[in-house]
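In full-length UniProt numbering, the protein residues as written are 1 to 232. Glycine included, C-beta positions come from ideal geometry on N, C-alpha and C. Worksheet: one structure, shown below.
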Ligand SMILES: C[S@@+](CC[C@H](N)C(=O)[O-])C[C@H]1O[C@@H](n2cnc3c(N)ncnc32)[C@H](O)[C@@H]1O
């Protein structure tokens, strides 16, 4: 499988994201694999209910932090395809794949909003839909490429609605502002956590409305949410 499918240009927001993640890929790789984060990733992959031999696509795979869990779930006879439009992130993912010696994990430079793969048993997107201009439409497209009985899962960080999480809300907002491309701004016309929350909510709607066995769960005091559903 070739790794050159699309330029992944979807407007200014996309190139800002590519510049940002390209610059911070190394640091991101460290944060993405911090202890604790792995358990959310594991749960997200479990929610896909994969079997050995399946084909799973990870949209916006970044530096590949989910790949070990996906590869484990589909086994050596399955296929994992990671799609990302930031070369620096994919380069890191490639190193991990090479170090692990996986021959059935393919990394594609492409746009998750115009997926370069037409059919799969499941789709995962973690910490990605908050960056999409029209997340509901994109998730609809992902549902359309998954076979009947296959699953789609979305793992995301959002503001927590829990009272117990209130003391950490300011820290979360700081984290989102620091990690939202571009980072040069001190003041935002719209604070970046607002569109993040709205986009994550919008992305879940097609799952709620068009899948069976819709399931939603929270981690980290409600700051991290997992939603999944089975395609009818
Ligand atoms: C916050 S990182 C998440 C990476 C990985 N999924 C993880 O859980 O660590 C977001 C990733 O999504 C990618 N991304 C965002 N929008 C994309 C798009 N439209 N097409 C492909 N990749 C995209 C970025 O390049 C970046 O690598």
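Between residue i and residue j, what straight-line distance do the alpha-carbon atoms span, to the nearest angstrom?
{"i": "residue 144", "j": "residue 114", "result": "12 Å"}
{"i": "residue 210", "j": "residue 231", "result": "7 Å"}
{"i": "residue 214", "j": "residue 154", "result": "11 Å"}
{"i": "residue 217", "j": "residue 37", "result": "15 Å"}
{"i": "residue 50", "j": "residue 152", "result": "11 Å"}
{"i": "residue 92", "j": "residue 166", "result": "35 Å"}
{"i": "residue 94", "j": "residue 24", "result": "16 Å"}
{"i": "residue 28", "j": "residue 126", "result": "14 Å"}
{"i": "residue 205", "j": "residue 226", "result": "13 Å"}
{"i": "residue 170", "j": "residue 54", "result": "41 Å"}
{"i": "residue 156", "j": "residue 42", "result": "14 Å"}
{"i": "residue 281", "j": "residue 47", "result": "Residue numbering for the chain in the displayed model covers 1 to 232; residue 281 lies beyond these limits and cannot be assessed."}
{"i": "residue 131", "j": "residue 200", "result": "9 Å"}
Take residue i as the anchor and find which of the options has the nearest alpha-carbon.
{"i": "residue 90", "options": "18, 52, 75 and 149", "result": "18"}
{"i": "residue 26", "options": "87, 99 and 102", "result": "87"}
{"i": "residue 61", "options": "36, 32 and 78", "result": "32"}
{"i": "residue 117", "options": "131, 68, 224 and 80", "result": "80"}
{"i": "residue 84", "options": "69, 136, 112 and 194", "result": "112"}
{"i": "residue 103", "options": "164, 171, 150 and 68", "result": "68"}
{"i": "residue 101", "options": "30, 71 and 148", "result": "71"}
Can you tell me which of the three DSSP states residue i falls into?
{"i": "residue 162", "result": "coil"}
{"i": "residue 33", "result": "coil"}
{"i": "residue 147", "result": "strand"}
{"i": "residue 120", "result": "strand"}
Report yes if the C-beta distance between residue i and residue j is below 7 Å; otherwise report no.
{"i": "residue 75", "j": "residue 107", "result": "no"}
{"i": "residue 65", "j": "residue 45", "result": "no"}
{"i": "residue 207", "j": "residue 222", "result": "no"}
{"i": "residue 52", "j": "residue 22", "result": "no"}
{"i": "residue 14", "j": "residue 129", "result": "no"}
{"i": "residue 158", "j": "residue 197", "result": "yes"}
{"i": "residue 233", "j": "residue 133", "result": "This structure gives no information on residue 233, because the portion of the chain shown stretches from 1 to 232."}
Take residue i and list the residues in its own chain whose beta-carbon comes closer than 6 Å to its own, dropping the five residues that flank it on each side.
{"i": "residue 219", "result": "40"}
{"i": "residue 58", "result": "66, 82 and 124"}
{"i": "residue 97", "result": "105"}
Who are the Cβ neighbours of residue i in its own chain at under 8 Å, not counting the five residues just before and after it?
{"i": "residue 168", "result": "160, 221 and 223"}
{"i": "residue 194", "result": "none"}
Please list, in chain order, all residues of the same chain as residue i whose beta carbon is under 7 Å from its beta carbon, the five residues on each side excluded.
{"i": "residue 99", "result": "none"}
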